[in-house]
């Protein structure tokens with residue numbers, strides 16, 4: 092589900108029945124070509140690998156509204172893709188040269 096065209100302050104139903112309010116984007120550090128996952132520099136938030144397919148902006152909103160989330164991993168150059176929420180991120184341990192970008196908040 093894409094929320095990228097939703098105006099700031101609007102309410103959107105996210106995958107799995109999660110309802111959130113779109114917030115203006117905050118500062119994210121982008122690590123291009125980096126994939127962080129369990130065993131490679133991060134852990135999945137709440138033990139869930141992917142929270143579903145959505146836009147990058149919706150993925151960032153999901154992370155912002157999840158207290159344990161420190162980063163998102165998203166397919167590089169895609170308008171829509173699987174959203175991966177990450178915690179306990181150590182970018183020095185993540186894989187580089189990957190078809191994903193990692194955004195750390």
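Residue numbers (the working numbering): 92 to 196.
In this text, a Cβ means the ideal position worked out from N, Cα and C, and glycines have one as well.
None of these values were measured; they are calculated from a predicted model.
### Message
Give me the residue from 131, 176 and 186 with the minimum Cα distance to residue 195.
### Response
Here the closest residue by C-alpha is 176.
### Query
Could you give the uninterrupted runs of the beta strand (DSSP E) lying entirely in the segment 126-182, keeping only those of 3 residues or more?
If you keep only unbroken beta strand (DSSP E) runs of at least 3 residues inside the segment 126-182, you get 162-166 and 175-178.
### Message
How far does the beta strand (DSSP E) with residue 194 in it extend, from its first residue to its last?
### Response
That run of the beta strand (DSSP E) goes 191-195.
#### Entry: Cα-Cα separation, residue 190 to residue 126
Between the C-alpha atoms of residue 190 and residue 126 there is a straight-line separation of about 8 Å.
### Query
Under 7 Å, do residue 184 and residue 132 count as touching if we go by C-beta distance?
The answer is yes: Cβ separation under 7 Å.
### Task
Inspect the beta-carbon positions of residue 136 and residue 160 and report whether they are closer than 7 Å.
Taking 7 Å as the Cβ cut-off, residue 136 and residue 160 qualify as a contacting pair.
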